[in-house]
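>
There are 2 protein chains.
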Amino acid sequence: MEKQVRKRGRPRLLDRDVGLDIAARLFWERGYEGTSTADLTKAMGINPPTLYSMFGSKEDLYRQALDFSIARESTRRSQILQSHLPAYDALRLYLYDIADGDTQPDKPRGCMVSTAVLQHAEENASVARMTAALREAAIQTLKARFDRAVEDGELPTQTDTDTLARFYGAIIQGMSAQACDGACNTRLKRLIDIALTAWPGELRT
Amino acid sequence: MEKQVRKRGRPRLLDRDVGLDIAARLFWERGYEGTSTADLTKAMGINPPTLYSMFGSKEDLYRQALDFSIARESTRRSQILQSHLPAYDALRLYLYDIADGDTQPDKPRGCMVSTAVLQHAEENASVARMTAALREAAIQTLKARFDRAVEDGELPTQTDTDTLARFYGAIIQGMSAQACDGACNTRLKRLIDIALTAWPGELRT
DNA sequence: CCATAAAAATAGTGATCCCTATTAAATCAT
DNA sequence: ATGATTTAATAGGGATCACTATTTTTATGG
Numbered sequence: 001m002e003k004q005v006r007k008r009g010r011p012r013l014l015d016r017d018v019g020l021d022i023a024a025r026l027f028w029e030r031g032y033e034g035t036s037t038a039d040l041t042k043a044m045g046i047n048p049p050t051l052y053s054m055f056g057s058k059e060d061l062y063r064q065a066l067d068f069s070i071a072r073e074s075t076r077r078s079q080i081l082q083s084h085l086p087a088y089d090a091l092r093l094y095l096y097d098i099a100d101g102d103t104q105p106d107k108p109r110g111c112m113v114s115t116a117v118l119q120h121a122e123e124n125a126s127v128a129r130m131t132a133a134l135r136e137a138a139i140q141t142l143k144a145r146f147d148r149a150v151e152d153g154e155l156p157t158q159t160d161t162d163t164l165a166r167f168y169g170a171i172i173q174g175m176s177a178q179a180c181d182g183a184c185n186t187r188l189k190r191l192i193d194i195a196l197t198a199w200p201g202e203l204r205t
Numbered sequence: 001m002e003k004q005v006r007k008r009g010r011p012r013l014l015d016r017d018v019g020l021d022i023a024a025r026l027f028w029e030r031g032y033e034g035t036s037t038a039d040l041t042k043a044m045g046i047n048p049p050t051l052y053s054m055f056g057s058k059e060d061l062y063r064q065a066l067d068f069s070i071a072r073e074s075t076r077r078s079q080i081l082q083s084h085l086p087a088y089d090a091l092r093l094y095l096y097d098i099a100d101g102d103t104q105p106d107k108p109r110g111c112m113v114s115t116a117v118l119q120h121a122e123e124n125a126s127v128a129r130m131t132a133a134l135r136e137a138a139i140q141t142l143k144a145r146f147d148r149a150v151e152d153g154e155l156p157t158q159t160d161t162d163t164l165a166r167f168y169g170a171i172i173q174g175m176s177a178q179a180c181d182g183a184c185n186t187r188l189k190r191l192i193d194i195a196l197t198a199w200p201g202e203l204r205t
């Protein structure tokens with residue numbers, strides 16, 4: 001990650017990561033269809049051609065903003081999930097971390113991915129497929145952790161880990177929706193505590 | 001509900017309820033921001049002035065289409081919930097009915113209300129408040145049923161019925177999101193069966 | 001200083017957005 | 001038939017949509 005050597009030509013006024021951060025925040029708050037390229041260029045302080053030369057298109061920018069945001073969160077969250085904590089405890093901390101992310105002060109409510117682009121115009125079907133794939137990947141990550149829990153004897157051998165992962169995925173999506181509707185952090189965590197009572201295994205192995 | 005007596009003037013080409021049904025289906029599939037007035041007028045087979053004289057504005061039409069759709073479902077669903085079945089059994093049938101609604105053949109996926117207008121442009125904030133209020137009302141209906149269950153001794157007296165209602169509300173929202181992403185009916189019902197294991201009371205009193 | 005390179009700014013493009021002023025058509029009452 | 005009444009159709013308005021051809025600015029290399 002060494003600083004780029006100064007190249008020829010006019011220097012950039014906008015750092016790429018700063019631009020992605022601004023874009024991610026707008027898309028997060030207003031959604032893909034609710035955010036215009038004029039909103040984006042205005043918030044970044046650039047003119048339209050600069051946006052297109054830096055990021056390609058509105059859809060390309062959305063994809064890059066999602067990748068950028070996910071990269072920032074994924075390290076901490078995968079550490080929680082892949083730690084040597086019992087699966088139940090790891091899951092609890094993982095869900096609490098998501099609840100925190102859904103209710104950050106001075107940030108948009110909810111999750112940028114969990115409830116994004118569920119309904120959409122036909123022309124945005126490819127954007128919807130992208131967010132759906134990200135949600136499916138998150139569920140598969142949960143399932144893999146649950147499979148490990150079965151191997152470790154923390155869950156009954158007959159556990160349907162796929163459905164269990166989709167159940168907690170539904171909790172994550174429901175929390176995002178309720179955060180968008182104004183739910184506070186403690187309210188989401190009380191909800192998590194109920195969801196954790198559906199855990200099929202012995203607790204704290 | 002007697003048929004209206006033929007009045008003076010040119011007869012309507014489009015029945016109001018037929019128009020609302022067409023509008024509801026479009027809004028359901030594409031969302032509020034993803035559906036244009038041109039989409040609506042084309043699907044209804046009318047010209048723009050007819051849409052505005054019949055329904056007022058795009059936002060008014062959305063509100064009327066939501067009311068129209070909810071009215072059709074609410075009778076059956078409130079019968080399920082307010083029946084004399086034990087609360088647990090009523091809840092199970094209620095959630096199964098919602099799962100069926102999320103995965104109807106030849107209908108858009110998911111629920112028209114549960115995951116609608118979560119992210120939105122600033123100019124559509126009033127539309128978002130409307131759908132949020134409908135979601136909150138559904139949660140309060142669940143809470144009221146749970147409160148009755150406490151009175152009937154089907155739930156422990158110290159049960160936090162508000163959080164329990166928001167938990168099952170999250171399940172409903174998560175199911176809608178996953179249905180939008182392609183989940184089938186049986187997958188949603190397996191998810192419900194796990195959610196029901198979080199029920200705090202004695203089953204089948 | 002000059003040529004080259006790279007990015008920014010200007011000034012738009014055609015398409016689509018939600019909505020409406022006006023005119024034409026179709027019915028009923030007399 | 002005529003006038004009154006109600007709805008439909010025509011034709012577009014002003015704003016915004018995502019995007020871009022062209023020109024101008026600012027840097028480096030020689």
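First to last, the sequence lines map onto chains A and B. The opening position of the first sequence corresponds to residue 1 in UniProt numbering, with each subsequent residue numbered one higher. The opening position of the second sequence corresponds to residue 1 in UniProt numbering, with each subsequent residue numbered one higher. Built from N, CA and C at the ideal position, the CB exists for glycine as well.
#1: Would a check of beta-carbon distances place C180 (chain A) closer than 7 Å to chain B?
#2: Excluding five sequence neighbours on each side, which residues of the same chain lie with their C-beta closer than 6 Å to the C-beta of M112 (chain B)?
#3: Which one of A:A177, A:E202 and A:G169 has the shortest CA to CA distance from A195 (chain B)?
#4: Just how far apart, CA to CA, sit K107 (chain A) and C180 (chain A)?
#5: Quick one: list the residues of chain B neighbouring T197 (chain A), beta-carbon separation under 7 Å, in chain order.
#6: Just to check my reading of the structure: A87 (chain B) and A149 (chain B) have Cβ atoms closer than 8 Å, yes? What is that Cβ distance to the nearest angstrom?
#7: Are the C-beta of A132 (chain B) and some C-beta of chain A separated by less than 7 Å?
#8: By how many angstroms is the C-alpha of R187 (chain A) removed from the C-alpha of A38 (chain B)?
#9: Can you tell me whether E122 (chain A) is buried or exposed, with buried defined as 16 or more other CB within 10 angstroms of its CB?
#10: If you count every other CB in all the chains shown that lies within 10 Å of the CB of V127 (chain B), and 16 or more means buried, which is it?
#11: Within 10 Å of its beta-carbon, does S36 (chain B) have 16 or more other beta-carbons around it, so buried, or fewer, so exposed?
#12: Please state whether DSSP places Q158 (chain B) in a helix, a strand or coil.
#13: Cβ of I194 (chain A) less than 7 Å from any chain B Cβ?
#14: What span of residues does the alpha helix (DSSP H) with K143 (chain A) cover, start to end?
#15: Which same chain residues end up closer than 7 Å to A43 (chain A) when comparing Cβ atoms and leaving out the 5 residues on each side of it in sequence?
#16: What's the C-alpha gap between T141 (chain A) and S74 (chain B)?
#17: Which value, in whole angstroms, describes the spacing of the CA atoms of residue 224 (chain A) and T103 (chain A)?
#18: Here's a check: name, in chain order, each residue in its chain whose Cβ is nearer than 8 Å to the Cβ of E202 (chain B), leaving out the five neighbours to either side.
#19: Quick check: is the beta carbon of I22 (chain B) nearer than 7 Å to any beta carbon in chain A?
#20: Quick check on I194 (chain A): does DSSP put it in helix, strand or coil?
#21: Under DSSP, the alpha helix (DSSP H) around T50 (chain B) begins and ends at which residues?
#22: Measure how close the beta-carbons of L95 (chain A) and I171 (chain A) come, nearest whole angstrom, since I'm counting them as under 8 Å.
#23: Can a CB atom of chain A be found closer than 7 Å to the CB of Q79 (chain B)?
#24: Quick one: does T163 (chain B) have its CB under 7 Å from some CB of chain A?
#25: For my contact list, D60 (chain A) and R77 (chain A) are in at a C-beta cut-off of 8 Å; report their separation, rounded to the angstrom.
#26: In or out: A183 (chain A) buried (at least 16 other Cβ within 10 Å) or exposed?
#27: Ignore the nearest five residues each way along the sequence and tell me which others in M1 (chain B)'s own chain have a CB closer than 8 Å to its CB.
#28: Which stretch, first to last residue, makes up the alpha helix (DSSP H) that contains K42 (chain A)?
#29: Taking C-beta pairs closer than 8 Å, name the residues in chain B that I70 (chain A) reaches, listed in chain order.
#30: Is there a Cβ of chain B sitting closer than 7 Å to that of I98 (chain A), yes or no?
#31: Can you tell which of A:G45, A:Y32 and A:R30 has its C-alpha closest to the C-alpha of R12 (chain A)?
#32: Please confirm whether T159 (chain B) has its beta-carbon closer than 7 Å to some beta-carbon of chain A.
#33: DSSP state of C180 (chain B), grouped into three classes?
#34: How many Å lie between S176 (chain B) and A177 (chain A) at the Cα?
#35: By DSSP, does V113 (chain A) sit in helix, in strand, or in coil?
#36: List, in chain order, every chain A residue whose beta-carbon is nearer than 7 Å to that of A137 (chain B).
Concretely, from the data shown:
#1: Stepping through the first sequence from its first residue, residue 180 (chain A) is reached at position 180. So yes, C180 (chain A) belongs to the interface.
#2: Here residue 112 (chain B) corresponds to residue number 112 of the second sequence, with the count starting at 1. Closer than 6 Å at the Cβ level, and outside the excluded window around M112 (chain B), lie W28 and S69.
#3: As a position in the second sequence, residue 195 (chain B) is number 195, starting the count at 1. A195 (chain B) has its Cα closest to that of A:G169, out of A:A177, A:E202 and A:G169.
#4: On the first sequence, residue 107 (chain A) is found 107 positions in, with the first residue counted as 1. On the first sequence, residue 180 (chain A) is found 180 positions in, with the first residue counted as 1. So the alpha carbons of these two residues sit roughly 11 Å apart.
#5: Mapped onto the first sequence, residue 197 (chain A) falls at position 197. Here the neighbours are A198.
#6: Within the second sequence, the letter at position 87 stands for residue 87 (chain B). Within the second sequence, the letter at position 149 stands for residue 149 (chain B). Going by Cβ atoms, the distance from A87 (chain B) to A149 (chain B) rounds to 3 Å, so yes, they are a contact pair.
#7: Along the second sequence, one-based indexing puts residue 132 (chain B) at 132. Closer than 7 Å: yes.
#8: As a working mapping, residue 38 (chain B) is identified with position 38 in the second sequence. As a working mapping, residue 187 (chain A) is identified with position 187 in the first sequence. Answer to the nearest angstrom: the Cα atoms are 41 Å apart.
#9: As a working note, residue 122 (chain A) is residue 122 in the first sequence. So E122 (chain A) ends up on the exposed side.
#10: Position 127 of the second sequence, counted from the start, is the residue given in the question as residue 127 (chain B). Buried.
#11: Within the second sequence, residue 36 (chain B) is the residue found at index 36, counting from 1. By the 10 Å Cβ count, S36 (chain B) comes out exposed.
#12: Position 158 of the second sequence, counted from the start, is the residue given in the question as residue 158 (chain B). Coil.
#13: For the purposes of this step, residue 194 (chain A) is taken as residue 194 along the first sequence, with counting starting at 1. Yes, I194 (chain A) lies at the interface with chain B (some Cβ there is under 7 Å from its Cβ).
#14: Reading the first sequence from its first residue, position 143 is the one you call residue 143 (chain A). From DSSP, the alpha helix (DSSP H) with K143 (chain A) extends over A125 to E151.
#15: As a first step, residue 43 (chain A) is located in the first sequence; it is residue number 43 there, counting from the start. For A43 (chain A), where only same-chain residues beyond five positions count, the Cβ hits under 7 Å are I22 and L26.
#16: Counted from its first residue, the first sequence places residue 141 (chain A) at position 141. Counted from its first residue, the second sequence places residue 74 (chain B) at position 74. Using only the alpha carbons, I get a separation of about 37 Å.
#17: In the structure as shown, chain A begins at 1 and stops at 205. Residue 224 (chain A) is therefore absent and cannot be evaluated.
#18: Looking up residue 202 (chain B) in the second sequence gives position 202. Around E202 (chain B): E154.
#19: The residue labelled residue 22 (chain B) in the question sits at position 22 within the second sequence. No - not a single Cβ of chain A is within 7 Å of the one on I22 (chain B).
#20: Reading the first sequence from its first residue, position 194 is the one you call residue 194 (chain A). It is helical.
#21: Here residue 50 (chain B) refers to the residue found at position 50 when the second sequence is read from its first residue. Looking at the DSSP string, the run of the alpha helix (DSSP H) that includes T50 (chain B) is P48 to F55.
#22: Position 95 of the first sequence, counted from the start, is the residue given in the question as residue 95 (chain A). Position 171 of the first sequence, counted from the start, is the residue given in the question as residue 171 (chain A). Confirmed, Cβ separation roughly 7 Å.
#23: Indexing the second sequence from 1 puts residue 79 (chain B) at position 79. Not an interface residue.
#24: Looking up residue 163 (chain B) in the second sequence gives position 163. Chain A, which has a Cβ nearer than 7 Å to the Cβ of T163 (chain B), makes this yes.
#25: Within the first sequence, the letter at position 60 stands for residue 60 (chain A). Within the first sequence, the letter at position 77 stands for residue 77 (chain A). Rounded, the Cβ-Cβ distance is 25 Å, inconsistent with contact.
#26: Stepping through the first sequence from its first residue, residue 183 (chain A) is reached at position 183. When all chains shown are included, A183 (chain A) counts as buried.
#27: Here residue 1 (chain B) refers to the residue found at position 1 of the second sequence. Here the model assigns M1 (chain B) a pLDDT of 41, short of 50, so the residue's position is not dependable, and the following value carries that caveat. Nothing listed; no residue qualifies.
#28: As a first step, residue 42 (chain A) must be located in the first sequence, where it is residue number 42. Taken as a continuous stretch (DSSP letters only), the alpha helix (DSSP H) holding K42 (chain A) covers T37 to M44.
#29: Here residue 70 (chain A) is taken as the residue at index 70 of the first sequence, counted from 1. The contacting residues do not exist; I70 (chain A) stays about 17 Å from chain B at best.
#30: Counting from 1 along the first sequence, the entry for residue 98 (chain A) is found at position 98. Cβ-Cβ to chain B under 7 Å: no for I98 (chain A).
#31: On the first sequence, position 12 is the one that residue 12 (chain A) refers to. Cα-wise, what sits closest to R12 (chain A) is A:G45.
#32: Counted from its first residue, the second sequence places residue 159 (chain B) at position 159. For T159 (chain B), the answer is no, since every Cβ of chain A falls outside 7 Å of its Cβ.
#33: On the second sequence, position 180 is the one that residue 180 (chain B) refers to. Of the three classes helix, strand and coil, the one that applies to C180 (chain B) here is helix, per DSSP.
#34: Locating residue 176 (chain B) in the second sequence gives position 176, where the first residue counts as 1. Locating residue 177 (chain A) in the first sequence gives position 177, where the first residue counts as 1. Between S176 (chain B) and A177 (chain A), the C-alpha separation is close to 11 Å.
#35: Walking along the first sequence from the start, residue 113 (chain A) turns up at place 113. In this structure, V113 (chain A) counts as coil in the three-state DSSP scheme.
#36: Numbered from 1 along the second sequence, position 137 holds the residue referred to as residue 137 (chain B). The premise fails here: A137 (chain B) is roughly 12 Å from chain A at the closest Cβ pair, so nothing lies under 7 Å.
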